[in-house]
Structure formats: structure tokens, C-alpha cells
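Colleague:
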Amino acid sequence: MLEIFRLILALALSIGVGYCVFISIFKSDAFALYFKLALSYLLGVGAIVFSMFLLGLAGIGFNFFSPLLLCLPFCIFALVRKRPKFKSSLDLSVLRSLNFWEISLVVLIALRLVYIFSQALLIPIYSWDAFATWAYRAKVFYFDGLMDFSKGANSYPHTSYPNLIPLLECWLYNAMGIFDDRLVKIIFPLFYTSFIVVFYFFLRRFSERIYGLLGVYLLSTMPFLTFHSTISYSDMPLMTYNILSIMALVLWIESKENPYLILGGIAAGLAAFTKLEGTAYMFILIALLFLYILKTKLFDKNKPSFSIMSFCAFLVPACVIGLPYTIYKKAMGIANERLPIDFSVESLKRIPDIIRHFNHSMFFVGNWNLIWFMLAVAILFNLKRLREQKIAFLLITLCAYLALYFSLFLLTKNYEFLSPGTLLNRSFLQFIPLSVLIIIATFFKPRPDPKKITR
Amino acid sequence: MSAIYYPLTPQIQAFEVNALPLIYLNRVSVFYYVFVLAAVLVFGIIIREALFNLKSKRTFLQRVCGHWKWLFFVMALCFFLIDLKMLSFQRSRLIFHLKNFSGKSLDEARSVITGYEIYEFARFCQEKIPQAQSVKLFTSDVQTRYKQLAYYLYPLDARRVVPLEEVDYIIIFHARPDLNDEQLRQFRIFARRKDGQIILERIKRK
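Those sequence lines, one after another, are chains X and U. The numbering used here puts the first sequence at residues -11 to 443. The numbering used here puts the second sequence at residues 17 to 222.
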């Protein structure tokens, strides 16, 4: 029982740290409590893990308190600068205003949450990659009490992989005081829950409540996402940070409020700190933001021009969080696995095979329900709406991600892993919510007052 | 040295298969639902537009495309049916896992998910082998069982690459060690949990 109490305390503290990050970013307090809690969890675990990483680089041993102590000055500064008012409380009256369809969707989403939490907390870590990499490294960090890369590429299995999940699990083992690989899995359902809350609030900015719930329901019907929320892989946390970053960019495009760029930059950095692919996503988003600013400056002269500061508001947090591990790996001579270019003219023969696998993984496996079909229908029947800024941005991002994987399979040794299908499915998982966002954004009429977040 | 290699019995393999907290129907094909229903719908729309709506000023293609809402409706229906099927599958999985895992201690649960053998053997090794010793691990397959056993063995670091001369213990799980007779003669049987689950210890040099 004591370890459960300690686990809850650790999670509460991580939310507290995340809340300090949140109030440092946003001046306005006009967000609903659920949204603040969800975002605080995502930012809090990121802040704690990044602190652990810095401690590890400095050769300081891991324990429960050390990352918190590192975060403490920042938290005190944030709280002194802006005292939290806790104005928004849990308002249950909203439940009474739900109609039949909304209640049905809430029930279906809640059923899925029950399934995810029970599955995650009943079964200890058992999945292959967790044994092989993520959970193994967490166990090594916990028992060794430090991070030691002195042996270069041989330091750990898959040394080049980033450390967000291993360090987070290690911190929770330290918090509980025991190696309990069943309770530690709570982080994954919490990632899922936080993500769907943030996702819902994003959709609510642009659509009615029913469509926000519908979007979350569509997301929850994807068996692959549900499955990944119950095992301890890094793909689902990567998806969470990656999509959070994209949503923040879209909110900035709509509102031109720089705090969203800072949030997006932090999320993109944390994505790069979660899994190797996150670094590529981060650079894609930086490039898209740059192109957007360039396009606005060149062609939309009547719109307010953006200073270089806007770009830096995204770029600086993204690079500060996302790049240190990459730079450190370079310094230690640790190369990224399977990334060396493996291209010749013969490789062009791979193209039909890659297309066949993409087609199969998108449309002919049960991992995504019918999301890709719905996306195709949504695009084909709403071509005019694709010119809208936010939909165009989402669609371009999706195409860029698909192109990234296409070129990875074409140009690198990742092609060998195309056949089993697991790599491709997991890659799609990292950005599949984009499809849901596009479906909801194209099919349904926008809200008249997009700036106001309500419940 | 007496026999050290015993292949995994079918019973153990069956245990592993039954115990694995199996996942979901990864290969559920959505082919049938979508295409049968959508094809029926599209066929119906084409027939209707071709035979009964001839006075409209719009082209045939425009008229067919005008019915996207129906297509979307059918797709949503398929979507919901597939989801109901998945919910039912998840419900049965949950019942199965509640039966197998609820009320179990952490050790018991780990034992169940690793097929009742790997985790028990890892605990056996940890009890027998002193910490901070150099070990080498051989398992019946180098993917799943090797990774599982190495995970549970830690802090005994079985995944560290060490030359054989520096190895103090060899852990064998239903495997034929990749060693020649000369190398094997440097070790003796130290402990045996079951046939095929053996720890070899280096014979101390005089």
C-alpha cells in the first residue's frame, strides 16, 4: 500500500511541476481545470525527466528527490511571478446539459478508459520492445542509480534511443522504493487520458461539443492506440507530444498568440527526447513553421508581420530540450541505428513494395478501424475546405510525415523492417490523430467564437 | 559433463502461449465491411441517378458526388459495428485477464506472463549466483526468451558483451550453448532447476 501512496504522491508532484511550467507559458487563466491538469501532467513528466537527464550528464546519481530539487527554483520563481488562483473548479453542471448522443459517446470513451487502465495495471511489463529496450534500460538506471555512457554505443541496448520513458520509469521506481513493473505502467494510461483531454479541448476550440466528443471517440476506436496505451512502448508518448506540438502550432496560426508557440516548441522538444523519430518530426515542424512565416511575409502583406521572435519562440524550446541528447551522442560517438543511407539506383525497385505496404498498413489491417478510409472520403468530398489555413497546415504536416517514412524506407536500411509491418504500424501511430483532426475539421462547421475554450 | 541441452517441451511452449496476455486481432480485415456496404451504396446511387433523376440540370458525376453524406453515413455505421466488435473482444480479454491476474502478487503475475518458467528460472539464478559476477546467457531463442530472461536477471548483467575468459557463470535455458568441448570443460554444473534450466560455474584455476 505504501508504494501506491508514494506513486500517487510522485504523480501529483509531477503534475505540480507541470502546472508551474503551464503558468509560466500562459498568462491567461481562462482554461478549464481538466485541460490544465492534463497538460500539466504532460509537461510535468517532461520537466522531471529532462532534469534527470541533466543530472545524469553531470554524473549525479538518481533518486526521487534530485530531479524535484532541480525543478524547485524554477517552480518557486513561477509561483512567485504568478500566483495560481484556482478559479476554475470542477463544474459538474455540464453533465446535465449533455444530450443523448453526447452521453453515448462519453460512455463509449469511458468504457475504453476502464479497459486501458485495467489492462495496464493488471499485467506487469511483458511486451517485446519493453523487455528489450525501454523497461530494461529503466531497470538498469534504477539498479545502477546513474546514467553511464562511458562505454559509448555499448553502454546500453540501443544506446542511441532517447531516454524519456526509461528515466520516467526509473524515477517512479525510486519514488515507490521498489521495482514494481506493474504499477509503473500507470504512466501510459495517464498519457492516454491526458492526450484525449487535450485533444478534446483543441477540437472544442473549433467545433461544437458533440464534434469534440466524436473526435475523441474516433480516436478511442483505434485498437492499435488502445493497445499501445496498455503496454510500455514509447510510441504512444511520442504521439502525444508530437500531436500536442502540432495542435499548439494550429492554435498559434489561428490566434497568433506566442504562448502556443512556446508550448509547441516544448512539446516538439519532448517528442525528440522520447524517441528517435521525434527529432525528425521536430525538424519538420520547424521547417513548416518557417515556411508559413515566410509565406505570410511574402504573400499576405495585409496580415500582421511576424518578427523573428515568433519563430524563436518555437525553435528555442524545441532545440534546448530536443537536441542535447543528440549532441551528447555525437560527442560520445554513438551513431543512430539503421539510419545510414543505403541507396543505389537498384533501390528504386523498392518503390512498388513500399507503396504496397503503405496501402496494406493503412487500409487493410484492423489497427485503425476505418480512419484512413474516412480521411480519404473527407478529403475527396471537401476539396474546397482544404484551402482553410488550419486544415491545409494539418494536411501538409500529414503528407510530410508520410513522405518522411517513404524516404526512410527508400533510402535507409529501415527497408528491411518494412515486411513484418510492425515498424510501419507504429510509425503511423505516432501521427494518426492528425487524420482525426482533419476529418473533424473538414466535415464539421467551425464554431463562431473559436477563441473561447469552454467545456 | 552430463547432458545440459534439453529442448523446450511442447507443454512449456503451450503454457507460454496460453499465458501470454494476448493482444487483439491485429489483422482484423476491414475489407468486407467497407467494400460490401459501400459498393452496395454506390451501386444504388448510380442506379438511382442513372434511371430516376434524369431531369436534373447537374451532370451525372455531380449528382453521384452529391450523395457523399450517405456514403459517410454507411461508413460511420461500419465504423461503429467494427468498434462494437472490438469492444466485445476487449471485454472478453479483460475477463480473461481478471481471471488470470487479479489478486495475484507481482511475482505470481510475472510468472504467469512468462509462461511459468522463465521468471521462476530467473529468480532461481538470482538466488544462486552472487551479485556482480560476470554471466553469459544461452536461451532457446535469441529474441523473446533471451530478452525476457535478461530483463528479469538484472542486476546480473547477461546482456553485457564479455569474452568467455572473463565469464564466471553460464546460464542455460533449454539451449545448446555455442561453445566447443574445450570451452565447456572450463565449467562445471553449479545448479539445476529442471532439465534444460542449468547454471554452469567456472572451475577455479589452481
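Where is the CB? At the ideal position from N, CA and C, for every residue including glycine. These figures come from a predicted structure and were not determined experimentally.
If you run the structure through DSSP and keep just helix, strand and coil, what is Leu41 of chain U?
Modeller: Start at 1 with the first residue of the second sequence, and residue 41 of chain U comes out as number 25. Summary for Leu41 of chain U: the model assigns pLDDT 46, below 50, so the residue's position carries little reliability; its value from the coordinates is reported in the next sentence. Here Leu41 of chain U sits in coil by DSSP.
Colleague: Please state whether the Cβ-Cβ distance between Met224 of chain X and Leu213 of chain X is less than 9 angstroms.
Modeller: Counting from one through the first sequence, the residue named residue 224 of chain X turns up at place 236. Counting from one through the first sequence, the residue named residue 213 of chain X turns up at place 225. Yes, these two residues count as a Cβ contact at 9 angstroms.
Colleague: Name, in chain order, the residues that DSSP records as bridge partners for Tyr185 of chain U.
Modeller: As a first step, residue 185 of chain U is located in the second sequence; it is residue number 169 there, counting from the start. Note: Tyr185 of chain U sits in a beta bridge opposite U:Val151 and U:Glu217.
Colleague: I need the boundaries of the alpha helix (DSSP H) containing Ala141 of chain X, first residue and last residue.
Modeller: As a working mapping, residue 141 of chain X is identified with position 153 in the first sequence. Where Ala141 of chain X is concerned, there is no enclosing alpha helix (DSSP H), given that its DSSP letter is neither H nor E.
Colleague: Pick helix, strand or coil for Ile205 of chain U, following the three-state DSSP scheme.
Modeller: Here residue 205 of chain U corresponds to residue number 189 of the second sequence, with the count starting at 1. If DSSP states are grouped into helix, strand and coil, Ile205 of chain U belongs with the strands.
Colleague: Which of the three DSSP states is assigned to Lys210 of chain U in this structure?
Modeller: Here residue 210 of chain U refers to the residue found at position 194 when the second sequence is read from its first residue. Strand, per DSSP.
Colleague: Among U:Leu97, U:Phe88 and U:Leu200, whose alpha-carbon lies nearest the alpha-carbon of Ile188 of chain U?
Modeller: Mapped onto the second sequence, residue 188 of chain U falls at position 172. Nearest of U:Leu97, U:Phe88 and U:Leu200 to Ile188 of chain U, Cα basis: U:Leu200.
Colleague: How do the segment 150 to 169 of chain U and the segment 123 to 133 of chain X stand: do at least 3 beta-carbon pairs fall below 8 angstroms, yes or no?
Modeller: Because the criterion of three Cβ pairs below 8 angstroms is met, the segment 150 to 169 of chain U and the segment 123 to 133 of chain X touch.
Colleague: Can you list, in chain order, the residues of its chain with a C-beta nearer than 6 angstroms to that of Asn42 of chain U? Leave out the 5 residues immediately preceding and following it.
Modeller: Counting from 1 along the second sequence, the entry for residue 42 of chain U is found at position 26. Only weak support is given to the placement of Asn42 of chain U: the predicted model assigns it a pLDDT of 49, under 50, and the value that follows is read from those uncertain coordinates. Nothing listed; no residue qualifies.
Colleague: Taking Cβ positions, are Ile198 of chain X and Asn87 of chain X nearer each other than 9 angstroms?
Modeller: Counting from one through the first sequence, the residue named residue 198 of chain X turns up at place 210. Counting from one through the first sequence, the residue named residue 87 of chain X turns up at place 99. For Ile198 of chain X and Asn87 of chain X, yes; Cβs fall inside 9 angstroms.
Colleague: Hey, is the segment 375 to 391 of chain X in contact with the segment 302 to 321 of chain X, meaning 3+ C-beta pairs nearer than 8 angstroms?
Modeller: Segments in contact, no.
Colleague: Drop a sphere of 10 angstroms on the beta-carbon of Pro112 of chain X, count the other beta-carbons inside from all chains shown, and report buried for 16 or more, exposed for fewer.
Modeller: As a first step, residue 112 of chain X must be located in the first sequence, where it is residue number 124. When all chains shown are included, Pro112 of chain X counts as buried.
Colleague: Which stretch, first to last residue, makes up the alpha helix (DSSP H) that contains Phe105 of chain X?
Modeller: The count along the first sequence starts at 1 and reaches residue 105 of chain X at position 117. It spans Phe88 to Leu110 - the alpha helix (DSSP H) in which Phe105 of chain X sits, taken as one unbroken run.
Colleague: Tell me Thr400 of chain X's beta-bridge partners as DSSP assigns them.
Modeller: Here residue 400 of chain X refers to the residue found at position 412 of the first sequence. BP columns for Thr400 of chain X point to X:Ile329.
Colleague: Taking the alpha carbon of Asn142 of chain X as the point to measure from, which residue in X:Ala18, X:Ile359 and X:Ile322 has its own alpha carbon closest?
Modeller: As a working note, residue 142 of chain X is residue 154 in the first sequence. Ranking X:Ala18, X:Ile359 and X:Ile322 by Cα distance to Asn142 of chain X puts X:Ile322 first.
Colleague: According to DSSP, is Gln142 of chain U helix, strand or coil?
Modeller: In the second sequence, the residue the question calls residue 142 of chain U occupies position 126. Here Gln142 of chain U sits in helix by DSSP.
Colleague: Could one say the Cβ of Gln107 of chain X lies closer than 9 angstroms to chain B's Cβ atoms, at least one of them?
Modeller: The chain labelled as chain B is not found among the protein chains of the depicted structure, namely X and U.
Colleague: Provide the residue span of the alpha helix (DSSP H) that contains Trp159 of chain X, from first to last.
Modeller: Walking along the first sequence from the start, residue 159 of chain X turns up at place 171. Note, Trp159 of chain X: alpha helix (DSSP H), Leu152 to Met164.
Colleague: Counting only the same chain and skipping the five closest in sequence on each side, list residues whose C-beta sits under 8 angstroms from that of Ser127 of chain U.
Modeller: Translated into positions along the second sequence, residue 127 of chain U becomes position 111. Counting only Cβ-Cβ distances below 8 angstroms, and skipping sequence neighbours, we find Tyr135 and Glu136.
Colleague: Can you tell me the Cα-Cα spacing of Ile281 of chain X and Ser295 of chain X, whole angstroms?
Modeller: Residue numbering aside, residue 281 of chain X sits at position 293 when the first sequence is read from its first letter. Residue numbering aside, residue 295 of chain X sits at position 307 when the first sequence is read from its first letter. Taking the straight line joining both Cα atoms gives about 9 angstroms.
Colleague: Considering Asp341 of chain X, what are the terminal residues of the alpha helix (DSSP H) in which it resides?
Modeller: Position 353 of the first sequence holds residue 341 of chain X. Per DSSP, Asp341 of chain X belongs to the alpha helix (DSSP H) from Arg338 to Phe351.
Colleague: Does any C-beta atom of chain X lie closer than 9 angstroms to the C-beta of Pro37 of chain U?
Modeller: Position 21 of the second sequence holds residue 37 of chain U. Caution applies to Pro37 of chain U, whose pLDDT of 46 falls short of 50 and renders its modelled position unreliable; the value that the coordinates give is listed next. Pro37 of chain U counts as touching chain X.
Colleague: Let's see if you can read the secondary structure: which residues bound the alpha helix (DSSP H) around Pro478 of chain X?
Modeller: As shown, chain X starts at -11 and ends at 443. That puts residue 478 of chain X outside it, with no answer to give.
Colleague: Alpha carbon to alpha carbon, how far is Tyr103 of chain X from Arg107 of chain U? Give it in angstroms, no decimals.
Modeller: As a working note, residue 107 of chain U is residue 91 in the second sequence. As a working note, residue 103 of chain X is residue 115 in the first sequence. Straight-line Cα distance between these residues: approximately 8 angstroms.
Colleague: Are there 16 or more other CB atoms within 10 angstroms of the CB of Lys139 of chain X, so buried, or fewer, so exposed?
Modeller: Residue 139 of chain X sits at position 151 when you count from the first residue of the first sequence. Exposed: under 16 other Cβ atoms inside 10 Å.
Colleague: So is Phe119 of chain X buried or exposed if we call it buried at 16+ other beta carbons inside 10 Å?
Modeller: Counted from its first residue, the first sequence places residue 119 of chain X at position 131. Buried, by the Cβ-count rule.
Colleague: Which term fits Arg74 of chain U, buried or exposed, when burial requires 16 or more other beta carbons within 10 angstroms of its beta carbon?
Modeller: Against the second sequence, residue 74 of chain U aligns to sequence position 58. By the neighbour-count rule (16 or more Cβ atoms within 10 Å), Arg74 of chain U is not buried but exposed.
Colleague: In the DSSP assignment, find the alpha helix (DSSP H) that holds Pro193 of chain U and state where it starts and stops.
Modeller: Residue numbering aside, residue 193 of chain U sits at position 177 when the second sequence is read from its first letter. Pro193 of chain U -> no alpha helix (DSSP H), and no H or E assigned at all.
Colleague: Have a look at X:Gly4, X:Ala20 and X:Phe19 and flag the residue whose alpha-carbon is nearest the alpha-carbon of Leu444 of chain X.
Modeller: Absent from the model: residue 444 of chain X. The displayed extent of chain X is -11 to 443, so no value can be given.
Colleague: Quick check: the Cα distance between Phe431 of chain X and Ser220 of chain X, rounded to an integer number of angstroms?
Modeller: For the purposes of this step, residue 431 of chain X is taken as residue 443 along the first sequence, with counting starting at 1. For the purposes of this step, residue 220 of chain X is taken as residue 232 along the first sequence, with counting starting at 1. Going from the Cα of Phe431 of chain X to the Cα of Ser220 of chain X covers about 34 angstroms.
Colleague: Does the pairing of the segment 143 to 160 of chain U with the segment 179 to 194 of chain U give three or more beta-carbon distances under 8 angstroms?
Modeller: yes
Colleague: With 9 angstroms as the threshold, decide whether the Cβ of His190 of chain U is near any Cβ in chain X.
Modeller: Position 174 of the second sequence, counted from the start, is the residue given in the question as residue 190 of chain U. Judged by the 9 angstroms Cβ criterion, His190 of chain U is not in contact with chain X.
Colleague: Taking a Cβ distance cut-off of 7 angstroms, strictly less, list which residues of the segment 162 to 182 of chain X are near chain U, in chain order.
Modeller: Asp168 and Arg170
Colleague: Using three-state DSSP, classify Ile322 of chain X as helix, strand or coil.
Modeller: As a working mapping, residue 322 of chain X is identified with position 334 in the first sequence. If DSSP states are grouped into helix, strand and coil, Ile322 of chain X belongs with coil.
Colleague: Got a sec: is the Cβ-Cβ distance from Tyr167 of chain U to anything in chain X below 9 angstroms?
Modeller: Taking the second sequence and counting its residues from 1, one reaches residue 167 of chain U at position 151. Closer than 9 angstroms: yes.
Colleague: When the Cα of Val308 of chain X is compared with those of X:Gly165, X:Gly257 and X:Arg69, which residue comes out closest?
Modeller: Position 320 of the first sequence, counted from the start, is the residue given in the question as residue 308 of chain X. Nearest option by C-alpha distance: X:Gly257.
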